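**Q**
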Amino acid sequence: MDNNMSLKIKAISKNEAFARSVVGAFCVELNPTMDEINDIKTAVSEAVTNCIVHAYNYRDGEIEINADIDGNCLHIEIKDYGVGIEDIEKARQPFFTTKPEEERSGMGFTVMESFMDTLDIQKNSPSGTVVKMSKTFDMNKNKADKT
Amino acid sequence: MNIQHRLNGTSLHIWLIGELDESHAAFVREHLDEIFRTNSVSEVIIDMSGLSFMDSTGIGVLIGRYKSLKSKSIPLFVQKPSRAVDKVLSLTGIYKIIPKIS
Numbered sequence: 080m081d082n083n084m085s086l087k088i089k090a091i092s093k094n095e096a097f098a099r100s101v102v103g104a105f106c107v108e109l110n111p112t113m114d115e116i117n118d119i120k121t122a123v124s125e126a127v128t129n130c131i132v133h134a135y136n137y138r139d140g141e142i143e144i145n146a147d148i149d150g151n152c153l154h155i156e157i158k159d160y161g162v163g164i165e166d167i168e169k170a171r172q173p174f175f176t177t178k179p180e181e182e183r184s185g186m187g188f189t190v191m192e193s194f195m196d197t198l199d200i201q202k203n204s205p206s207g208t209v210v211k212m213s214k215t216f217d218m219n220k221n222k223a224d225k226t
Numbered sequence: 006m007n008i009q010h011r012l013n014g015t016s017l018h019i020w021l022i023g024e025l026d027e028s029h030a031a032f033v034r035e036h037l038d039e040i041f042r043t044n045s046v047s048e049v050i051i052d053m054s055g056l057s058f059m060d061s062t063g064i065g066v067l068i069g070r071y072k073s074l075k076s077k078s079i080p081l082f083v084q085k086p087s088r089a090v091d092k093v094l095s096l097t098g099i100y101k102i103i104p105k106i107s
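Those protein sequences? They're chains Y and V, same order as listed.
Take the first sequence: its letters are residues 80 to 226, numbered as in my numbering.
Take the second sequence: its letters are residues 6 to 107, numbered as in my numbering.
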C-alpha cells in the first residue's frame, strides 16, 4: 500500500461536500483528469447520502471513510453502523428505492457502479453496510495528455 | 446554493448556482415550488451552467418538479450542464422526460 487515509464524520448532509472533497484531494497523487476526480467525488457523495438517508434515517450516526492507494489503483471503503440493507441485490437495481415519497431517484448504487471500476456492497458487523469501490488510473496516459 | 429566476413572457428561466446534493435538496425543492406557485408560466428552463456538482439526489429533485409541472401540462427543460452534471443526467436517462436544450 502506497498511501492511505481515514476519516470519521457525523452522518449529517452538510458533511457530504467535505467528504467528497477530501477523497477527491487524496487521489490527486494518481494524476487524475478532472473527469476522474468528478467521478470519484460523485460516487463518494452517493455512498455518504445512503448512510445519512437510509442507514441512519437522518438520526445520529457515524460514517467511516477509508481510502488507500495501491500502485495506480484507488480503493475507497465507506462504512456505517445503521439499519443495513435487507436485500443488497435488489437495492443495486436502477430506480429501486425504499423512499419514493421523498423523491428519491433510486440511482445511487447505479451511479457508483458506473463511475467507478468496481463496487462491492457487504453487510457490516455488528450492523450496517460497507461499500467498497475502486478505480484504476492510467497514469501514463495522463502524463501523455499533459505534454 | 443560490437560485435565480427570470420570466420572459410566460417562459420561466431558472439558474441553479452551487452544488446540489442532499444538504441543499430541500432548499432547492421548496424554492422552485414557490417560484412555480407565484408565476404563471407555459414552460420552465433550468440553466445548470452554474451548477458545479450534482449527484442522484438532484435527479430526484428534478423528477419531482417534472411531475408537478406535468400535472399542469407545463414542459420542463434543462440547459448548459457542466460535463460532470451532464454525465449524471445522461446516466439516469432523465433527458427522455426533461430534454436538454441548447
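Note that CB positions come from ideal geometry on N, CA and C, so glycine has one too.
Note that the coordinates shown come from a computational prediction; the quantities given were computed from them, not determined experimentally.
Between the Cα of THR43 of chain V and the Cα atoms of V:LEU67, V:HIS10, V:VAL83, V:THR97, which residue gives the shortest distance?
**A** Taking the first residue of the second sequence as position 1, residue 43 of chain V is located at position 38. Ranking the options by Cα distance to THR43 of chain V, first place goes to V:HIS10.
**Q** Identify, in the order they occur along the chain, each residue of the same chain with its Cβ nearer than 8 Å to the Cβ of PHE82 of chain V, setting aside the five sequence neighbours on each side.
**A** Within the second sequence, numbered from 1, the residue matching residue 82 of chain V stands at position 77. GLU48, VAL49, ILE50, ILE51, ILE103, PRO104, LYS105, ILE106, listed in sequence order.
**Q** Got a sec: which bits of the stretch 91 to 102 of chain Y sit with their beta carbon under 9 Å from any beta carbon on chain V, in order along the chain?
**A** Residues passing the 9 Å Cβ filter: ILE91, SER92, LYS93, ASN94, GLU95, ALA96, ARG99.
**Q** Is the separation between the beta-carbon of ASP118 of chain Y and that of PHE194 of chain Y shorter than 8 Å?
**A** What you label residue 118 of chain Y is simply residue 39 of the first sequence in a count that begins at 1. What you label residue 194 of chain Y is simply residue 115 of the first sequence in a count that begins at 1. A contact, by the Cβ cut-off of 8 Å.
**Q** Run the CB neighbour count on ASP166 of chain Y, radius 10 Å, all protein chains shown included, and call it buried at 16 or more, exposed below.
**A** Within the first sequence, residue 166 of chain Y is the residue found at index 87, counting from 1. Per the 10 Å Cβ criterion, exposed.
**Q** Report the start-end ranges of each alpha helix (DSSP H) in the stretch 51 to 106 of chain V that is 4 residues or longer and not cut off at the edges.
**A** For the stretch 51 to 106 of chain V, whole alpha helix (DSSP H) runs of length 4 or above, ordered along the chain, are 61 to 75, 88 to 96.
**Q** Using 8 Å as the limit for Cβ to Cβ distance, is VAL107 of chain Y near chain V?
**A** As a position in the first sequence, residue 107 of chain Y is number 28, starting the count at 1. No, because no Cβ of chain V sits closer than 8 Å to the Cβ of VAL107 of chain Y.
**Q** Roughly how many angstroms separate the alpha carbons of MET84 of chain Y and LEU25 of chain V, rounded to a whole number?
**A** Within the first sequence, numbered from 1, the residue matching residue 84 of chain Y stands at position 5. Within the second sequence, numbered from 1, the residue matching residue 25 of chain V stands at position 20. Straight-line Cα distance between these residues: approximately 26 Å.
**Q** Determine the direct distance from the alpha carbon of ILE88 of chain Y to that of VAL127 of chain Y, and round the result to whole angstroms.
**A** Here residue 127 of chain Y refers to the residue found at position 48 of the first sequence. Here residue 88 of chain Y refers to the residue found at position 9 of the first sequence. In a straight line, the C-alpha of VAL127 of chain Y is about 10 Å away from that of ILE88 of chain Y.
**Q** When you compare the CB positions of LYS211 of chain Y and GLU156 of chain Y, do they come within less than 8 Å of one another, or not?
**A** Here residue 211 of chain Y is taken as the residue at index 132 of the first sequence, counted from 1. Here residue 156 of chain Y is taken as the residue at index 77 of the first sequence, counted from 1. Yes, the Cβ-Cβ distance between LYS211 of chain Y and GLU156 of chain Y is below 8 Å.
**Q** According to the Cβ coordinates, are ILE79 of chain V and VAL46 of chain V closer than 8 Å?
**A** Translated into the one-based positions of the second sequence, residue 79 of chain V becomes position 74. Translated into the one-based positions of the second sequence, residue 46 of chain V becomes position 41. It is a contact, given that the beta carbons lie within the stated cut-off.
**Q** Can you tell which of Y:PRO179, Y:ASN219, Y:VAL190, Y:ILE164 has its C-alpha closest to the C-alpha of ILE200 of chain Y?
**A** Here residue 200 of chain Y refers to the residue found at position 121 of the first sequence. When only C-alpha atoms are compared, the closest one is Y:ILE164.
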